[in-house]
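Those protein sequence lines, which keep their order, are chains H and S. Residue numbering for the first sequence follows our numbering, starting at 321 and increasing by one per position. Residue numbering for the second sequence follows our numbering, starting at 321 and increasing by one per position. Each remark here refers to the structure printed beneath this line.
2 protein chains.
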Amino acid sequence: MHPLQFTAESSSHGMVGRDFTVGEVPGVLWSPASGTDRAPLVLMGHGGGTHKKASAMTGRAQLLVNGCGFHVAVIDAPGHGDRPRTAHDEREIAALYAARAAGEPEGPIVVRYNSHLAELAVPEWRATLDALQERPEIGAHGPVGYVGINMGTAIGVPLAAVEPRITAAAFGQHWPDALAESARRITIPIEFALQWDDEHIPREAGLALFDAFASKEKTLHVNAGRHKELPRFEADSATRFLARHLARPLAAQV
Amino acid sequence: MHPLQFTAESSSHGMVGRDFTVGEVPGVLWSPASGTDRAPLVLMGHGGGTHKKASAMTGRAQLLVNGCGFHVAVIDAPGHGDRPRTAHDEREIAALYAARAAGEPEGPIVVRYNSHLAELAVPEWRATLDALQERPEIGAHGPVGYVGINMGTAIGVPLAAVEPRITAAAFGQHWPDALAESARRITIPIEFALQWDDEHIPREAGLALFDAFASKEKTLHVNAGRHKELPRFEADSATRFLARHLARPLAAQV
Numbered sequence: 321m322h323p324l325q326f327t328a329e330s331s332s333h334g335m336v337g338r339d340f341t342v343g344e345v346p347g348v349l350w351s352p353a354s355g356t357d358r359a360p361l362v363l364m365g366h367g368g369g370t371h372k373k374a375s376a377m378t379g380r381a382q383l384l385v386n387g388c389g390f391h392v393a394v395i396d397a398p399g400h401g402d403r404p405r406t407a408h409d410e411r412e413i414a415a416l417y418a419a420r421a422a423g424e425p426e427g428p429i430v431v432r433y434n435s436h437l438a439e440l441a442v443p444e445w446r447a448t449l450d451a452l453q454e455r456p457e458i459g460a461h462g463p464v465g466y467v468g469i470n471m472g473t474a475i476g477v478p479l480a481a482v483e484p485r486i487t488a489a490a491f492g493q494h495w496p497d498a499l500a501e502s503a504r505r506i507t508i509p510i511e512f513a514l515q516w517d518d519e520h521i522p523r524e525a526g527l528a529l530f531d532a533f534a535s536k537e538k539t540l541h542v543n544a545g546r547h548k549e550l551p552r553f554e555a556d557s558a559t560r561f562l563a564r565h566l567a568r569p570l571a572a573q574v
Numbered sequence: 321m322h323p324l325q326f327t328a329e330s331s332s333h334g335m336v337g338r339d340f341t342v343g344e345v346p347g348v349l350w351s352p353a354s355g356t357d358r359a360p361l362v363l364m365g366h367g368g369g370t371h372k373k374a375s376a377m378t379g380r381a382q383l384l385v386n387g388c389g390f391h392v393a394v395i396d397a398p399g400h401g402d403r404p405r406t407a408h409d410e411r412e413i414a415a416l417y418a419a420r421a422a423g424e425p426e427g428p429i430v431v432r433y434n435s436h437l438a439e440l441a442v443p444e445w446r447a448t449l450d451a452l453q454e455r456p457e458i459g460a461h462g463p464v465g466y467v468g469i470n471m472g473t474a475i476g477v478p479l480a481a482v483e484p485r486i487t488a489a490a491f492g493q494h495w496p497d498a499l500a501e502s503a504r505r506i507t508i509p510i511e512f513a514l515q516w517d518d519e520h521i522p523r524e525a526g527l528a529l530f531d532a533f534a535s536k537e538k539t540l541h542v543n544a545g546r547h548k549e550l551p552r553f554e555a556d557s558a559t560r561f562l563a564r565h566l567a568r569p570l571a572a573q574v
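Encoded structure:
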């Protein structure tokens with residue numbers, strides 16, 4: 321097992337951010353500046369083409385850390401952020417740009433590439449979670465949530481399907497093709513967001529992925545607008561969702 | 321024009337409730353106990369077979385009055401609460417019970433009966449709004465919202481389609497048959513709730529009604545569960561939605 325090694329520490333927006341590595345995988349752990357009391361942990365998956373410290377990630381981390389007192393961990397996906405791109409990454413990215421330039425659908429390429437990345441990322445996340453749970457402020461028995469849309473969903477759905485430590489997850493905005501089979505094995509509470517006028521993901525595809533989750537408690541949030549117009553209040557909503565499901569069990573397990 | 325006449329006053333759960341009549345129509349106006357400063361008004365439509373003071377109504381009123389400082393008005397729909405039933409009402413209710421007893425779909429009867437009630441109720445609501453806006457604590461230029469699911473949606477959708485004073489509305493759980501045409505004329509922000517496993521309203525029917533709204537800002541909340549299992553947190557969500565859209569314009573119009 322690779323231990324978690326902290327490599328840098330900084331403060332911003334009321335949070336302490338500690339860069340870390342677990343083996344070859346770089347990540348950041350955001351925690352309340354007020355201290356490192358034991359608190360629930362949220363794993364956050366970034367979107368395709370971005371990285372662990374993209375503004376969408378730090379913005380959501382603030383909601384979870386400052387608003388709920390949670391710890392939030394984000395790792396760079398394979399080929400993203402501080403990680404090297406392979407020849408395979410380069411080919412897939414070139415194929416995606418070529419499809420965009422030609423006005424062809426990007427879905428088939430994104431589905432295929434994200435599925436490949438998820439195969440690599442799921443064991444990385446599980447090793448990262450092992451290492452994070454060695455930290456006294458997280459511990460081996462605390463509640464763990466997951467939040468991630470787009471590629472964060474492509475990685476998070478197969479992760480949640482095999483990882484029983486994750487007890488609530490907020491997903492959204494993905495095709496069902498490579499994910500429905502994993503979703504059918506997921507029974508934890510789910511909040512799922514999609515855009516009604518998504519120019520990439522057909523309505524029926526988004527609804528089919530939501531439908532596939534076996535969870536008894538699952539909520540779908542649909543908003544009018546195109547793929548990138550997901551309203552900011554959905555980040556607030558996902559935060560409330562995770563607070564509802566992660567904060568309550570904490571008292572019972574302390 | 322019928323003036324608003326107060327007939328009784330009581331206090332409960334931090335709210336002042338004033339029973340009123342506008343012509344033949346009985347209603348209740350819930351306001352903050354702390355005073356009657358000018359504040360946004362929410363019109364609330366109750367469900368079929370219930371009435372203006374059903375617990376679902378007073379519960380939502382508390383969220384809006386105590387949580388947001390709004391005024392909330394509820395009137396009894398025709399044939400409901402303190403209002404007499406006509407022979408037509410009795411026939412339709414008997415038909416509904418007969419369909420339920422026979423295990424036949426209740427949709428066709430509910431759609432037809434609610435459509436009839438909406439024809440009567442829309443002018444009643446408009447006269448009630450006229451009278452409410454004569455009150456100094458509401459005023460003629462303040463923001464007005466609407467919230468109502470089930471029959472509250474059957475009445476609220478045609479009301480919002482013809483009533484420009486309503487600037488935001490929370491609807492849900494209805495068939496599109498008699499409502500889609502009105503929905504296509506509605507452009508105000510909408511929040512719409514439906515149940516994914518509704519035993520009465522097929523998914524496609526609920527989604528079609530959401531789709532029909534012409535609103536640029538519209539949000540759909542879908543939850544796993546049967547018709548009556550709408551989660552309580554959807555009432556909180558509708559309250560936040562109305563607060564977002566009604567509270568902000570207030571400062572500008574004072």
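Ideal Cβ placement from N, Cα and C applies to all residues, glycine included. Since this is a predicted model, take the numbers as computed values, not measurements.
**Message:** Let's test the definition: count the other Cβ atoms within 10 Å of the Cβ of Y417/S and tell me whether it reaches 16, buried, or not, exposed.
**Reply:** Within the second sequence, the letter at position 97 stands for residue 417/S. Exposed is the call here.
**Asked** Does T539/S get closer than 8 Å to chain H when you measure Cβ to Cβ?
**Response** Here residue 539/S is taken as the residue at index 219 of the second sequence, counted from 1. Taking Cβ atoms only, chain H reaches closer than 8 Å to T539/S, which makes this a yes.
**Prompt:** Just reading off the beta strand (DSSP E) that G347/S is part of, what are its end residues?
**Reply:** Translated into the one-based positions of the second sequence, residue 347/S becomes position 27. V345 to P352 is the extent of the beta strand (DSSP E) around G347/S.
**Asked** What span of residues does the alpha helix (DSSP H) with A528/S cover, start to end?
**Response** Locating residue 528/S in the second sequence gives position 208, where the first residue counts as 1. Its alpha helix (DSSP H) spans residues R523 to A532.
**Asked** Can you find a C-beta in chain H that's less than 8 Å from the C-beta of L543/S?
**Response** The residue given as residue 543/S occupies position 223 in the second sequence. Residue 543/S is actually Asn in this sequence, not Leu. Yes, because at least one Cβ of chain H sits closer than 8 Å to the Cβ of N543/S.
**Request:** Answer with yes or no whether the minimum CB distance from S502/H to chain S is below 8 Å.
**Result:** The residue given as residue 502/H occupies position 182 in the first sequence. No, S502/H lies away from the interface with chain S (no Cβ there is under 8 Å from its Cβ).
**Cutoff 8 Å: S535/S Cβ touching any chain H Cβ** = Looking up residue 535/S in the second sequence gives position 215. Yes, S535/S counts as interfacial toward chain H.
**Cβ shell of P352/H (< 6 Å), same chain only, five flanking positions each side left out** = As a first step, residue 352/H is located in the first sequence; it is residue number 32 there, counting from the start. Cβ within range, chain order: V385 and G389.
**Prompt:** Three or more beta-carbon pairs under 8 Å between the segment 445-452 of chain H and the segment 505-525 of chain H, yes or no?
**Reply:** no
**Prompt:** Who are Q382/S's beta bridge partners in DSSP?
**Reply:** As a working mapping, residue 382/S is identified with position 62 in the second sequence. In the DSSP output, where bridge partners are listed per residue, Q382/S has none listed.
**Item:** Proximity of D518/S and G526/S at Cβ, strictly below 8 Å
**Value:** Residue 518/S sits at position 198 when you count from the first residue of the second sequence. Residue 526/S sits at position 206 when you count from the first residue of the second sequence. Yes, these two residues count as a Cβ contact at 8 Å.
**Message:** With three or more C-beta pairs closer than 8 Å as the rule, is the segment 426-435 of chain H touching the segment 495-506 of chain H?
**Reply:** Between the segment 495-506 of chain H and the segment 426-435 of chain H, the count of C-beta pairs closer than 8 Å reaches three or more; the two stretches touch.
**Item:** Cut-off 6 Å between Cβ atoms - residues of its own chain near Q382/S, not counting five sequence neighbours on either side
**Value:** Counted from its first residue, the second sequence places residue 382/S at position 62. Result list for Q382/S: H333, in chain order.
**Item:** Backbone CA spacing between I486/S and Y466/S [nearest angstrom]
**Value:** As a first step, residue 486/S is located in the second sequence; it is residue number 166 there, counting from the start. As a first step, residue 466/S is located in the second sequence; it is residue number 146 there, counting from the start. Rounded to whole angstroms, I486/S to Y466/S spans 7 Å at the Cα level.
**Request:** Tell me, please, whether the CB atom of V385/H is closer than 8 Å to any CB atom in chain S?
**Result:** As a working mapping, residue 385/H is identified with position 65 in the first sequence. It does not; no Cβ of chain S falls within 8 Å.
**Request:** Using a threshold of 8 Å, state whether the C-beta atoms of K536/H and A544/S are closer than that.
**Result:** Taking the first sequence and counting its residues from 1, the one referred to as residue 536/H is at position 216. Taking the second sequence and counting its residues from 1, the one referred to as residue 544/S is at position 224. Yes.
**Prompt:** In chain order, what residues of the same chain have a beta carbon less than 6 Å from the beta carbon of V442/S, not counting five sequence neighbours either side?
**Reply:** Within the second sequence, residue 442/S is the residue found at index 122, counting from 1. The residues are P478 and L479.
**DSSP-derived helix/strand/coil call for L540/S** = Position 220 of the second sequence, counting from 1, holds the residue named residue 540/S. L540/S: strand per DSSP, three-state reduction.
**Message:** Between A359/H, A567/H, P404/H and R552/H, which has its C-alpha nearest H371/H's C-alpha?
**Reply:** In the first sequence, the residue the question calls residue 371/H occupies position 51. Cα-wise, what sits closest to H371/H is P404/H.
**Message:** Does chain A have any CB closer than 8 Å to the CB of G369/S?
**Reply:** Here the protein chains are H and S, and chain A is not one of them.
**Asked** Between M335/H and I475/S, what straight-line distance do the alpha-carbon atoms span, to the nearest angstrom?
**Response** Your numbering for residue 335/H matches position 15 in the first sequence. Your numbering for residue 475/S matches position 155 in the second sequence. Distance between the alpha carbons of M335/H and I475/S: 48 Å.
**Asked** Tell me, which residues are paired with D339/S by DSSP?
**Response** If you number the second sequence from 1, residue 339/S lands on position 19. DSSP output for D339/S lists A328/S and V348/S as bridge partner(s).
**Which of helix, strand or coil DSSP assigns to M471/S** = Counting from 1 along the second sequence, the entry for residue 471/S is found at position 151. Three-state DSSP puts M471/S in a helix.
**Asked** If you draw a straight line from the alpha carbon of L437/H to that of H322/H, how long is it in whole angstroms?
**Response** Counting from 1 along the first sequence, the entry for residue 437/H is found at position 117. Counting from 1 along the first sequence, the entry for residue 322/H is found at position 2. Inter-residue distance for L437/H and H322/H is about 20 Å (C-alpha atoms, whole angstroms).
**Item:** Other residues of its chain near S330/H: CB distance less than 7 Å, five sequence neighbours each side excluded
**Value:** To locate residue 330/H, count along the first sequence from 1; it is residue 10. Excluding sequence neighbours, S330/H sits near G337.
**Asked** Among residues of its own chain, excluding the 5 on either side of K392/H, which ones have a beta-carbon nearer than 7 Å to its beta-carbon?
**Response** If you number the first sequence from 1, residue 392/H lands on position 72. Checking the displayed sequence, the identity of residue 392/H turns out to be Val instead of Lys. So the list reads W350, V362, M364, A381, L384 and V385, once near-sequence residues are dropped.
**Request:** Can you tell me which of the three DSSP states L363/S falls into?
**Result:** Here residue 363/S is taken as the residue at index 43 of the second sequence, counted from 1. Note: L363/S maps to strand in three-state DSSP.
**Message:** Determine whether the beta carbon atoms of R358/S and G462/S lie at a separation below 8 Å.
**Reply:** Start at 1 with the first residue of the second sequence, and residue 358/S comes out as number 38. Start at 1 with the first residue of the second sequence, and residue 462/S comes out as number 142. Result yes, Cβ atoms of R358/S and G462/S sit closer than 8 Å.
**Asked** Just to check, is the beta-carbon of T370/S closer than 7 Å to a non-hydrogen atom of the ligand NAD?
**Response** This structure lacks the ligand NAD, and indeed carries no ligand of any kind.
**Item:** E412/H burial status per 10 Å Cβ neighbour count (16 or more: buried)
**Value:** On the first sequence, residue 412/H is found 92 positions in, with the first residue counted as 1. Buried, because 16 or more other Cβ atoms sit within 10 Å of the Cβ of E412/H.
**Prompt:** Should D409/S and D402/S be called a contact, given that it needs their Cβ atoms to be closer than 8 Å?
**Reply:** In the second sequence, counting from the first residue as 1, residue 409/S sits at position 89. In the second sequence, counting from the first residue as 1, residue 402/S sits at position 82. Taking 8 Å as the Cβ cut-off, D409/S and D402/S do not qualify as a contacting pair.
**Integer-rounded CB distance, given that L499/S should sit under 8 Å from L529/S** = As a position in the second sequence, residue 529/S is number 209, starting the count at 1. As a position in the second sequence, residue 499/S is number 179, starting the count at 1. Cβ atoms of L529/S and L499/S come within 8 Å of each other, at about 6 Å.
**Prompt:** Cβ atoms of G367/H and P471/H: under 8 Å apart, would you say?
**Reply:** Against the first sequence, residue 471/H aligns to sequence position 151. Against the first sequence, residue 367/H aligns to sequence position 47. Position check: residue 471/H holds Met in this sequence, whereas Pro was assumed. Going by C-beta atoms, M471/H is nearer than 8 Å to G367/H.
**Prompt:** Quick one, which of A481/H, L324/H, G355/H and E554/H has its alpha-carbon nearest F512/H's?
**Reply:** Taking the first residue of the first sequence as 1, we reach residue 512/H at position 192. It is E554/H.
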